[in-house]
Amino acid sequence: MKLLHFISLLLSLCINGQNYTTQWYNMDNGLPQNSIKDIVKDKYGFIWLSMEGRVLRYDGSNFVQYNNFKLKNLSFGDFYGNIKKDSISVFNISEKKVLLISRRRPDVIAANNTFEYGGALKSKIYKRIVRNNITARYISYYINSYYVQLDEGKYYFENNNIVYVDKKSKKRTLVADGFSYDRLKRIFVHGEYVLISDPVRKKIIQLYRGILSEIEAPSIYTEPETRMYWQQISGQVFMIYHGKIYRSEYSGGKLKLTFLLEYKDIDKDISGAMYYDETARKLYIGSSINGLKILSLSDFSVSRKNLSYQDEVCYAATSYGDNSVLTQEGIKYSRNTSERLFFAPQSYDKRYIFEDNEGNLIYRENNSIHVRYKNTRFTKYDSIAFKDKEIDGLYKNGDLYIASIVDKNQFYLYLFSHDNLKKIERIIPCEDNIDAVFRYDKDLLYLGSSGGIYVYSLPLKRMIKQIGKGLPVKQIIRTKDGNTWFTTYNRGIYLIKAQKVVRVPSDKNNFLANAHYLLEDQHSNLWISSDNGLFKVNKNTLLQYMKTMKGVITYYRYTKKQGLLNNEFNGSANPCAHKLKDGQFVFPSMEGFVFFNPENVKTYYPKSESIYLERARIKGKMIQLNNKLFLECGYKNAELYIDIPYYSDLENIYLQAKLSDNEDGSWITIKNDKTFRLANIDPGNYTLCVRFLSSETGKFVYKTIPVEVEAYFYQTVLFKILIAGIAVFIVLGIVQMRTNFLRLKNKALKNTLLHKDKELLETNNKLKNESDYQKKLVESISHDITTPVKFIALLSQELNQSVDLKTQKKYFDSIYKTSEQLYKFTLSLKEYTELYKQGNTTDEECSIYDLIETKRLLFEEIAARKNTFIYNFCDHQLKSRLNKNILLAVFHNIIDNAVKNTSDGEITIKSGSTESHIEISITDTGGGMSDEQRVYYSELFKTKGSEHMVFKNYGLGLHMVVQLMMKINSEMTFHRNTPKGTIIKILIKI
């Protein structure tokens, strides 16, 4: 057993820290092909890739492909030119034209000396060297001379000689002889210095202004196994040695190397191109067969124990030394390594651990308190158990040692006598289980529970108040300014001010609802661990925002994209975060401990001028914009591309846009495709505003572009006003003409009565009924057209008062639909006048559904105005030979009454049939008829005759309906609808 312990103590895990993350693009996820010839970054910040048949532009999120060039051969190769002058060129094979990349897009131009690729002179074939990698081949049977072009001259490598030609004087100087082509594989350039590695002599040959010399350099430069990469347009030189990638720099006549990262597969992927983006700290590796790999250097290091059959989930640990933490399993975690200090089985209880004043480890295991003694190198320990009690948590605050105990569903806190865990000084009963203990001052303890924070007074020996009642507390933290904060389970972060809690605004995705712990760095930045990433926010900015609630509070979120192995951190433990003596912060996660120095962790934001609104896709065609987006009438959708060269997490810059014709409007978050879509926009002039966060101070950069949507002629305001005027005039004209007609007819009837006294005496009863009919007819017509005309008048008034085009269109549409139905109704007024004279039946069958639908359409807009819906569920096959004008009058009045008395409800019309009757049920959810009204109208059918009717003040419409129903030997019944409203059933005899 001792031998096993000894072997375990000697076991060192030595895990290399994760110092970069990898993104891989190929034909399966964004690239049109896997072959990449060259990589360069232009002055605007966009990455360009040279490929077979096309060039690609990369902005950190998306690839934009350019391949529609009028060239015979599209096999593009190396990039040439000058980045600072916004002039990047790329040649293809056997072409006299060149592709020039300038102002963020490529164009084909005629080749000239500025873009010299190579050529033939005096029967010799020349080829320019602008890039050197491990796959470069320098052959003599086809190429007579290779040359390197610099600002001050050219170096020609021909006939095993090196010749320098000065740019100004054109003087040719023989620099060296006996120089074979195969030595060009080890050539690279720094500025005006051409350098050639000599592995045999362990020297670096230097060529400067036609003078050859030798200089010393680190041994990696001259190792035979070192592979080098040089690109002239970017000026970058890399040395690759056994998978380790170094960046070469030349200063003061000396070469020096800077280690970037170790990438074991570099020998497989370097066959294409390399580019290091120093600003974003990303290394781009283009392969001729595997596509593009982006290696992002990380400021985080995740330390794991890497033991077989054991998980990497980490919770509590205690600081150990200046730069490491120690867990109860005996594993010491440092930034790049882990090491076992003592043997202990894998713990299933990882949430609580601390050191006592002697440096002994105190932790919970198997419902006991274990004390591992420092003076035995933690190999010996004692256990303290509490019979029939459950130990739920262990805490140390200053000189207080505390245990949370559960005894038969009762909760207690045991306070021990300093580090004597066998001597209990005080037992504090608690209402809830305690998950966090924080000593606020010498007299007060803050006890975090599932029901809030209980404040316990040590001198008074009792709970004196409760803070944040109902909040499930996870951790309680105090920052340097004395403020006290606490995190909760899925309820966010809170600040305690004047014994009251103030909720801290969450991030836009609400990931901070389940925040764990926060640490404050030297610059007052809060680093907050959560279930989904690590967040950074300036404390002073946050407090100012909480005080004024003005502006926008922004969080910077770090995830796996920035080097974490897992986005989920752990926090329901004590302690669950550490500030080490060397300045490092340590947070436990689901996959190891995350180490980082907050002073070195970078935040990335685009430059304020790095936003371009110059591309759009309309009707499937890509167009270039010239400071304005114009959409022709009839367009269906358009896409505006927001080009920002940004190579970190897009969520951290809060990229948003809004389209408005005034200052109002809500911001829309732009997704990773950086596309703003416009669909079904009303004609008019708008302004599209785009904004993004450009610094940690919370400053937003805004970019606007005008948007014009062309209108059809019938969409103009003048046309709409004209149509509305015509519609109103027609309606008023129809009403006036009908009124005049009725007046003339009444006058004629009165004259006839005066001249035919004798006939009146003989037909007294008939004329009396005729007079009643005329009176009822006028009342019926007035009754039936009042609601639509009133509705049109109301809409016309609101139309006159509205200035919003969308609202006006809505009012015009309602006026049009109602006027159309009212017009159709007036066409049938002639038949209305003959209702009481016409026969009950006709030879032509009419559809019950069509009759109901006619009236539903008339009242649809009026009902919609009252937020009421009319549903016609009548049988399409149900037909009747009864007089359709009588049925229309009956349906009109009943539906009219239902619409008048129903708001925020619905009117449902159904049908059914038996051998003897057709039953039509009209149900509304309005105010409903009173019991007295239902009895009254039901009694009218029992009297069977208008001469016995007693016209109460319930309205004339239903009286007319009752008479018409009697005329066709049919009936109506009235019922109460549940929970409110009325059901009227029309029973029509077949």
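According to numbering that gives the first Met the number 0, the sequence shown is numbered sequentially starting from 0.
Backbone N, C-alpha and C fix where the C-beta goes; we use that ideal spot for every residue, glycine too.
query	result
Extent of the continuous beta strand (DSSP E) to which E852 belongs	No beta strand (DSSP E) contains E852, which is instead part of the alpha helix (DSSP H) from I847 to R864.
R737 at chain C interface by Cβ criterion, 8 Å	In the structure shown, chain C does not exist; there is a single protein chain.
Own chain partners of Y180 with C-beta closer than 6 Å, once the 5 adjacent residues on each side are dropped	Y137 and S139
Supposed contact pair G271 and S295 - C-beta distance, whole angstroms, cut 8 Å	About 19 Å separates the two Cβ atoms, so there is no contact after all.
Identity of the residue in G591, A656 and I921 nearest Q990 by Cα	Examination of residue 990 is not possible in this model, given that the chain is present from 0 through 989 alone.
Limits of the unbroken alpha helix (DSSP H) element including V730	V716 to H754
Inter-residue spacing [alpha-carbon to alpha-carbon] between Y713 and V730	21 Å
Distance between V188 and Q170 (C-alpha atoms, nearest Å)	At residue 170 the sequence reads Lys, which differs from the Gln that was named. Spanning the two alpha carbons is a distance of roughly 22 Å.
Sufficient close CB pairs (3 or more, under 8 Å) joining the region 671-689 to the region 649-659	yes
Residues that I108 bridges to, as DSSP identifies them	V97
Pick from D348, N366 and Y372 that is closest to N356, judged by C-alpha positions	Y372
Neighbour-count burial assignment, D176, 16 or more Cβ in a 10 Å radius	exposed
Stretch pair the region 73-85 + the region 626-640: three plus CB contacts closer than 8 Å	no
Cβ separation of G52 and L73, assumed to be a contact under 8 Å, to the nearest whole Å	4 Å
DSSP beta-bridge partners of P428	Y411
Residue range of the alpha helix (DSSP H) that includes N537	Run containing N537: none in the alpha helix (DSSP H); it sits in the beta strand (DSSP E), G532 to N537.
At least three beta-carbon pairs within less than 8 Å, the region 495-514 to the region 453-472	yes
Assumed close pair R690, V706 - CB separation to whole angstroms, cut-off 8 Å	16 Å between Cβ atoms; not a contact.
Burial state of I989 (16 or more Cβ within 10 Å)	exposed
L624 - DSSP class collapsed to helix/strand/coil	coil
Neighbourhood of F258 by C-beta distance below 6 Å, restricted to the same chain and skipping five residues each side	Y245
Reduced DSSP secondary structure (H/G/I, E/B, other) of M589	coil
Best match in W526, K805 and D530 for proximity to L541 [C-alpha to C-alpha]	W526
L957 and I885 closer than 8 Å at C-beta	no
Among T924, R182, I423 and L986, nearest to L881 - alpha-carbon criterion	L986
Alpha helix (DSSP H) segment containing L886, residue limits	K883 to K899
Close-in-space but distant-in-sequence residues of the same chain around G209 (CB under 8 Å, 5 per side omitted)	G152, Y163, D165, T172 and V174
Which of helix, strand or coil DSSP assigns to L793	helix
Reduced DSSP category for M26 - H, G, I as helix; E, B as strand; rest coil	coil
CA-to-CA distance, Q623 to L677, given in whole angstroms	17 Å
CB of Y554 within 8 Å of CB of F534, strictly	yes
DSSP three-state assignment for L259, whether helix, strand or coil	strand
C-alpha gap between K331 and D321, whole angstroms	12 Å
Buried or exposed by the 16-neighbour rule on C-beta atoms within 10 Å, applied to I917	buried
The region 443-461 contacting the region 424-433, beta-carbon criterion three pairs below 8 Å	yes
Contact belief for G59 with Y645 at Cβ below 8 Å, rounded distance in angstroms	5 Å
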